[in-house]
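Chain order of the listed sequences is G and X. Sequential numbering of the first sequence, starting at 1, is according to the numbering used here. Sequential numbering of the second sequence, starting at 343, is according to the numbering used here. Just below is one structure, and these are the notes that go with it.
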Amino acid sequence: MSTPSVSTPSSHSEHPTEVEQFVVRTRGLSKRFGDFTALDAVDLDVPRGQVLGLLGPNGAGKSTLIRLLVGATQPTSGTAAVVGLDCWRERDEVHRRVAYLPGDARLPKRMRGREVLSFFAGLRGQRPELALLLAERLELDLGRRVGAMSTGMRQKLALAVAFASRCEVIILDEPTANLDPTVREVVLQLVAEARQAGATVLFSSHVLSEIEQGCDRVVIVKQGRLVLDCEVPDILEQHRITAGYLGAKPEIPSSVEVQVVRDDAGRIELLTRSLDPLLGWLSRQGWHDLRIERVGLQHLYAKWHPSAARLDQPSTLDHAVTHSTPTADASSPLSATEERPS
Amino acid sequence: MMTRTLLLKFWRDARWLLLGCCSVVSLFAMLRVWIVSQLDTQRFRQILELLPTDFRKLSPVDFDWAVSYTGRLSFLFEEPLVHLCLFVWCIARGSDAVSGELDRGTGEILFSQPLSRRRYLVLHIATTLLGVLTISTAVWLGQWVGIQLFSAKQLVYPSLSLGAPTWSVPLPFLEPEERLTPMRELANPYAMIPAAAVYAGLGMLIASVATLASALDRLRWRTIGIATGFYIVQAILKILGTMVEPLGFLEYATIFSLFEPEKLVAVADLHPPATWSFWLDASAQEAATVGPGLGAGGALCCLVVLSSTLFALAVASFHRRDLPAPV
Chain G
1 MSTPSVSTPS
11 SHSEHPTEVE
21 QFVVRTRGLS
31 KRFGDFTALD
41 AVDLDVPRGQ
51 VLGLLGPNGA
61 GKSTLIRLLV
71 GATQPTSGTA
81 AVVGLDCWRE
91 RDEVHRRVAY
101 LPGDARLPKR
111 MRGREVLSFF
121 AGLRGQRPEL
131 ALLLAERLEL
141 DLGRRVGAMS
151 TGMRQKLALA
161 VAFASRCEVI
171 ILDEPTANLD
181 PTVREVVLQL
191 VAEARQAGAT
201 VLFSSHVLSE
211 IEQGCDRVVI
221 VKQGRLVLDC
231 EVPDILEQHR
241 ITAGYLGAKP
251 EIPSSVEVQV
261 VRDDAGRIEL
271 LTRSLDPLLG
281 WLSRQGWHDL
291 RIERVGLQHL
301 YAKWHPSAAR
311 LDQPSTLDHA
321 VTHSTPTADA
331 SSPLSATEER
341 PS
Chain X
343 MMTRTLLLKF
353 WRDARWLLLG
363 CCSVVSLFAM
373 LRVWIVSQLD
383 TQRFRQILEL
393 LPTDFRKLSP
403 VDFDWAVSYT
413 GRLSFLFEEP
423 LVHLCLFVWC
433 IARGSDAVSG
443 ELDRGTGEIL
453 FSQPLSRRRY
463 LVLHIATTLL
473 GVLTISTAVW
483 LGQWVGIQLF
493 SAKQLVYPSL
503 SLGAPTWSVP
513 LPFLEPEERL
523 TPMRELANPY
533 AMIPAAAVYA
543 GLGMLIASVA
553 TLASALDRLR
563 WRTIGIATGF
573 YIVQAILKIL
583 GTMVEPLGFL
593 EYATIFSLFE
603 PEKLVAVADL
613 HPPATWSFWL
623 DASAQEAATV
633 GPGLGAGGAL
643 CCLVVLSSTL
653 FALAVASFHR
663 RDLPAPV
């Protein structure tokens, strides 16, 4: 049997210009709960077919942003639109276009797995065949009641519900929480298939390596604001070079884009957008103790959430990043859109 | 397909509760007919005459009619067990509508499906009301079956025949003999229909209060508390308004003034043309020996209008409210 893949319907064209360009668009989107500002004047554009990663620790405002996009709450100010539809006023239509997987997806406990899939397919006026195939791929026991399933199994069941919906926008709030590494891979594969099928995916996660692996673009959320917005391939191309030199400091050619982060006591630390143009120059210098590392998302994330970054370690294992102070990197030319860290 | 899927879910959620409530009320109604049939009217009258006269104030019907078989059967709709079953159904289903889903955390994924909040709540209310109607019908049916099945023990004095078949004189100085008379000859089950109708109306109102509280709240236990509190306060107001003369005005502030099943049965039994009238006119009051007030039509209208208003408020509130994130 062939592996079931995610399919999405073709895009609609009620608002051809805007919808074609940006599937998700927010302008000055804010949400306050009493005195607490959960989301503060967020402007976000997500083009069709992009996989956007939302990063930030608990309480940063990721889920608030997602819940505003699915029309669960009304913005205090600003607007949020999905496929050109206002997320609050036209939320019924938005729900037809958006599949949403909540962070802690709780399903009716008395239903069996198969009944859950049929129920949610029925609410979309669909047949549950695709959901059943996805469930099989996720190795789910559909005869078991939800109440008797483990947290991971329930999460997998909810994933099958979300990915079987064939929506053009898929919003996943920490989809891999509670999942074992094998299934995490399957989830990332499903995200990739959804993108190939033309879907736009918003993906929040605490696991930086997942964002690096599965997303085209990442935004970092801090205290309700989007503090960083950049393309993932750009981040992955960035490298940190640390080396010691004897005598005079080697002159850096002006033709390469490089930032000197530190230069003292015969050691230099450089950040570069791309390593290739530097390789020739590096090989010609008389370095000692030369070290070249990929910067990765961890470095950027640590600038904004130093304590959280130390807690959410998965991606640091393969990157060996040295934490630098935010002020040292604040003027980095390597990030696309960045606010100054406070 | 969406409506069918949702209705199927509601049915699955509620079927055992509904089945339980219907079984209990219908069996109890049958059993109660049997109990009534075991006690002769004359003996029952003797027992009630021993009660303090203040007790009679609680009855909206004349005591002479109240001790008749039909009268005694009409009190079925005031039985605590019958109220409890209706109450449990209405509170359980009403509170489940929104705050139940939010409290369980299932609302987060359910309310993000392509299903309008209005449609969801209207369908939920429809199933709750269908359950209310089913329970009311079960009460009436249980009583009807009991009336068809059982016979009453009556004490009949021997009589002296005076020639013609209908001419006879009872001889009370002789030992009375027990005679079994079918209940269907002594009680009119169809006179109970208005009582069953206002019983359903009361259920509708309780369900609407629970649904409104649920639509505004996020915690199911709190919704249940609010709806139960409402019921208890209304019952206390009714008792105070009836028993304490200076507080008589309280009767206008309680929904239980709209729920007087015995009075409606008395009217249906003694003055059938006024069975579904809005207001009891003088002839109906005289014939049924009841005080002024709303007839079955009027009570039902008030209950339906009140509860429809609360249901509409619930739908509007749910449509506009923020859904809290699961805790």
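Even for Gly, the Cβ is constructed at its ideal location relative to N, Cα and C. Computed from a predicted model, the values in this text were never measured in an experiment.
Contact check for X:Leu-547 against X:Leu-655 fails: the beta carbons are separated by 8 Å or more. In this structure, DSSP gives X:Cys-644 a helical state, which the three-state scheme calls helix. X:His-661 sits in a helix when the DSSP states are folded into three classes. Contact between the segment 59-74 of chain G and the segment 133-148 of chain G is not established, with fewer than three Cβ pairs separated by less than 8 Å. Contact of X:Leu-457 with chain G by beta-carbon distance below 8 Å involves Asp-92, His-95, Leu-123. In the same chain as G:Leu-290, and ignoring 5 residues on each side of it, the C-beta atoms closer than 6 Å to its own belong to Ala-243, in chain order. Against chain G, a Cβ distance below 7 Å from X:Ala-667 picks out Ser-63, Arg-67. Residue contact check for X:Ser-556 against chain G: no CB pair falls below 8 Å.
Exclusion of the five residues before and after X:Leu-475 leaves Ala-542 as the residues of its chain whose Cβ lies within less than 6 Å of its Cβ. Your pair G:Val-191 and G:Phe-203 checks out as a contact, with CB atoms roughly 6 Å apart and the cut at 8 Å. G:Leu-208 is a Cβ neighbour of G:Leu-297, given a cutoff of 8 Å.
At a cut-off of 8 Å between C-beta atoms, X:Arg-446 counts as an interface residue with respect to chain G. Per the DSSP secondary-structure output, G:Asp-173 pairs in a beta bridge with G:Ser-204. Residues of the segment 145-175 of chain G whose Cβ lies closer than 8 Å to any Cβ of chain X, in chain order: Ala-158, Val-161. Shown here, G:Lys-303 sits in a helix according to DSSP, grouped into three states. As the crow flies, the alpha-carbon of X:Asn-530 is around 7 Å from that of X:Asp-611.
Interface annotation, G:Arg-114: not in contact with chain X, CB-CB separation never under 8 Å.
Per the coordinates, the alpha-carbon of X:Ala-356 lies some 12 Å from the alpha-carbon of X:Ala-439. The three-state reading of DSSP puts G:Arg-97 in helix, counting H, G and I together. In terms of CA proximity to X:Ala-371, X:Met-534 leads the group X:Met-534, X:Arg-446, X:Phe-352. DSSP places G:Gln-238 in the coil class of the three-state scheme, outside both helix and strand. Take the alpha-carbon of X:Trp-618 and the one of X:Ala-638: they are about 5 Å apart. When Cβ-Cβ separations below 8 Å define contact, X:Ser-454 makes contact with chain G. Relative to G:Arg-96, the option among X:Ser-458, X:Glu-443, X:Pro-422, X:Leu-423 whose CA is nearest is X:Ser-458.
Proximity of chain X to G:Gln-74 at the Cβ level (cut-off 9 Å) is accounted for by Arg-662, Arg-663, Asp-664, in chain order. Distance between X:Glu-421 and G:Phe-120, taken at the CA atoms: about 42 Å.
Bridge partners of G:Leu-52 according to DSSP: G:Leu-202, G:Arg-217. Nearest neighbour of G:Ala-41 by Cα position, chosen from G:Arg-32, G:Pro-47, G:Arg-48, G:Gly-49, turns out to be G:Arg-32.
Linking G:Leu-55 to G:Val-221 through their CA atoms gives a straight-line distance of about 6 Å. Among the residues of chain G, those whose CB is under 7 Å from the CB of X:Thr-347 are Phe-119, Gly-122, Leu-123, following chain order. With respect to chain X, the C-beta atom of G:Pro-102 has a partner C-beta closer than 8 Å. Counting only Cβ-Cβ distances below 8 Å, G:Leu-107 has contacts in chain X at Thr-448, Ile-451, in chain order. Where X:Gln-496 is concerned, the enclosing beta strand (DSSP E) starts and stops at 493-498. Fully enclosed alpha helix (DSSP H) runs of no fewer than 4 residues occupy 129-137, 151-163 of the segment 122-190 of chain G, in order along the chain.
With a 10 Å radius around the Cβ and a threshold of 16 neighbouring Cβ atoms, G:Ile-170 comes out buried.
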